[in-house]
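Numbering (the UniProt record's numbering), first residue to last: 1 to 260. C-beta: ideal position from N, C-alpha, C; glycine also. Keep in mind it's a predicted model, so treat the numbers as computed, not measured. Before any comments, here is the structure.
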Amino acid sequence: MRVARFSTGGDPRYGIVDDDELVVLNGDPMFVGYDPTGERVPLADARLLAPVIPRSKVVCVGLNYAEHRADLKGVDAPENPLIFLKPNTAVIGPGDPIRIPPVEGRIVHEGELVVVIGRIAKQVREADWADYVFGYTIGNDVSARDQMFADGQWARAKGYDTFAPLGPWIETELDPDGLEIRTFVDGEPRRHGNTHDLIHKVPELIAYISDVWTLLPGDVIMTGTPSGLGGFVHGQTVDIEIDGIGTLSNPALSRDERPA
């Protein structure tokens, strides 16, 4: 089932994607269940929004594919998952522009499978991981790569507003293992991988992260990016495809530019 958060000009609403229509729901199904209103909205008439706004945090996992670790020469990767946070103010939805800040160096895309947490999770046993997952979406862990190395830590480089695109919807029925991930810039292939090659897979990540931080409903875990060429600039569009979910597409604009 695909759950979308959308607008037709008023407040955000939720719906189930049914071919080219949205079955409108009464409230957020994560909290009130699936209660159709009886209304249907054509997808073409709706603006898709970020499918979830994390209540407290976006948890990211770094260097979670072996080939990507090899790309970042000179960066030490710990044996345990390398986790860090983005603020929820970094989240944007499909079609929203990634705003490039006026900083030196490369701005890099990192297309990733994203786990959406569905209930309070603290010290979850790895065997129980699935009980805490609402579904999956696509994320882009946008990074100011040169700032990562200049600062010696990643909070600023990965935490700018608009640096966490999510979407286009949440798929609630999906096996997270064995999914192809492809990233394109203006149609040119840039990154490609498969979640089967995650070093730390979803069950381990949920157990490990929930031992550090309590995960709240709506929090998300970005599971890591495959290897590939990651840069993009003003005027380009980043498309990320994941099997079984769809495509997340975002244009890039300099911070002082306005969409046409």
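Nearest residue (CA-CA) to residue i, options the options
{"i": "residue 78", "options": "256, 199, 221 and 169", "result": "199"}
{"i": "residue 105", "options": "167, 144 and 168", "result": "144"}
{"i": "residue 164", "options": "249, 1 and 28", "result": "249"}
{"i": "residue 21", "options": "11, 47, 29 and 28", "result": "47"}
{"i": "residue 89", "options": "7, 156, 174 and 203", "result": "156"}
Status (buried if at least 16 other CB within 10 Å, exposed otherwise) for residue i
{"i": "residue 150", "result": "exposed"}
{"i": "residue 31", "result": "exposed"}
{"i": "residue 120", "result": "exposed"}
{"i": "residue 80", "result": "exposed"}
{"i": "residue 116", "result": "buried"}
{"i": "residue 130", "result": "exposed"}
{"i": "residue 212", "result": "exposed"}
{"i": "residue 230", "result": "buried"}
Same chain, Cβ closer than 8 Å to residue i, five either side skipped, listed in chain order
{"i": "residue 100", "result": "107, 233, 234, 252, 253, 254 and 255"}
Contact under 8 Å by Cβ, residue i with residue j
{"i": "residue 166", "j": "residue 139", "result": "yes"}
{"i": "residue 181", "j": "residue 137", "result": "no"}
{"i": "residue 111", "j": "residue 183", "result": "yes"}
{"i": "residue 61", "j": "residue 92", "result": "no"}
{"i": "residue 132", "j": "residue 206", "result": "yes"}
{"i": "residue 172", "j": "residue 3", "result": "yes"}
Close-in-space but distant-in-sequence residues of the same chain around residue i (CB under 7 Å, 5 per side omitted)
{"i": "residue 179", "result": "113, 194, 195, 242, 243 and 244"}
{"i": "residue 23", "result": "15, 16, 36 and 40"}
{"i": "residue 264", "result": "Outside the shown range of the chain (1 to 260) lies residue 264, about which nothing can therefore be said."}
6 Å CB neighbourhood of residue i in its chain, flanking five on each side removed
{"i": "residue 228", "result": "190 and 191"}
Query raised in the report: Counting pairs of Cβ atoms below 8 Å between the segment 184-191 and the segment 213-222, do you hit three or more?
Result: no
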